[in-house]
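Residue numbers (the UniProt record's numbering): 1 to 235.
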């Protein structure tokens, strides 16, 4: 595998590690300790430069603070969620908002829309922490990636295609809480990626969608990667 490629490792559910050729490590939606599909033999890099959070649900943020503290990360999220994470003891956060972009090493991260609920819950109850989001990650000299977070399909995915032209799309396909294969196939038509990396499937019994179901529905030329937690894809 070429060291000049961007490497994407699926760690179960919506947790994804992105490692660029220039050495920037980004971890999206860390759900580790209570994630039944987290690959137990996988060791995170000693340095994770940035932790990105798509929304406030526990299966996306539960390990954000411990991981960020252990690995020296800054946490990037929509403004209200970044503020909430700061209240949990994180000193380095990056709060931005829909349509905005920030520079994360050799990656330009743009926050885009998603359609999903988003409150965070802790011992004090539920908290408003902004809305659900996705991220477009434009790697310098590399691919444009799209992590959709938890979302239903929505027509403005076509705007994501027009503005950013993602080549690799990480899409939830499990159904029940997010879109399933039928809806994800429409998302593929709107986004027109070259490659789809399915996420948010197989973690819990209600998440019944599979990569094979999606592959049977997408247009010819769209590659749907059938992977398991711990697998790495080079883009």
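The beta-carbon is built from N, C-alpha and C at its ideal position, and this holds for glycine as well. Since the structure is predicted, the reported quantities are computational estimates derived from the model, not experimental observations.
Note down, one range per segment and in chain order, each alpha helix (DSSP H) of at least 4 residues found wholly within the region 66–122.
79–87
Same chain, Cβ closer than 7 angstroms to residue 128, neighbours up to 5 away in sequence not counted
Residue 128 sits at position 128 when you count from the first residue of the chain shown. Answer for residue 128: 80 and 119, listed in chain order.
So, is residue 213 buried or exposed, given that buried needs 16 or more other C-beta atoms within 10 angstroms?
In the chain shown, counting from the first residue as 1, residue 213 sits at position 213. By the 10 Å Cβ count, residue 213 comes out buried.
Hey, how far is the Cα of residue 19 from the Cα of residue 46?
As a working note, residue 19 is residue 19 in the chain shown. As a working note, residue 46 is residue 46 in the chain shown. Residue 19 and residue 46: Cα-Cα distance of roughly 12 angstroms.
Please say whether residue 168 and residue 208 have beta carbons closer to each other than 8 angstroms?
Indexing the chain shown from 1 puts residue 208 at position 208. Indexing the chain shown from 1 puts residue 168 at position 168. No.
Is residue 126 buried or exposed, if buried means 16 or more other CB atoms sit within 10 Å of its CB?
Translated into positions along the chain shown, residue 126 becomes position 126. Exposed, because fewer than 16 other Cβ atoms sit within 10 Å of the Cβ of residue 126.
DSSP on residue 136, reduced to helix/strand/coil?
Against the chain shown, residue 136 aligns to sequence position 136. Strand at residue 136.
With a threshold of 6 angstroms on Cβ separation, who are the neighbours of residue 22 within its own chain once the five nearest residues in sequence on each side are excluded?
One-based indexing of the chain shown puts residue 22 at position 22. Excluding sequence neighbours, residue 22 sits near 106.
Straight-line gap, residue 2 to residue 234 (C-alpha atoms, nearest Å):
Mapped onto the chain shown, residue 2 falls at position 2. Mapped onto the chain shown, residue 234 falls at position 234. Unreliable placement is indicated for residue 2, whose pLDDT of 47 sits below 50; no coordinate value is reported for it.
Exposed or buried, which one is residue 159 when buried takes at least 16 other CB atoms within 10 Å?
Numbered from its first residue, the chain shown carries residue 159 at position 159. Exposed, since its Cβ has fewer than 16 Cβ neighbours within 10 Å.
Pairing CB atoms from the region 46–60 with CB atoms from the region 141–154, are three or more of them under 8 angstroms?
yes
Does residue 183 pass the burial test, meaning 16 or more other C-beta atoms within 10 Å, or should it be called exposed?
Within the chain shown, numbered from 1, the residue matching residue 183 stands at position 183. Buried, because 16 or more other Cβ atoms sit within 10 Å of the Cβ of residue 183.
Do residue 66 and residue 203 have their CB atoms nearer than 8 angstroms?
Translated into positions along the chain shown, residue 66 becomes position 66. Translated into positions along the chain shown, residue 203 becomes position 203. In this structure, residue 203 does not lie closer than 8 angstroms to residue 66 by Cβ.
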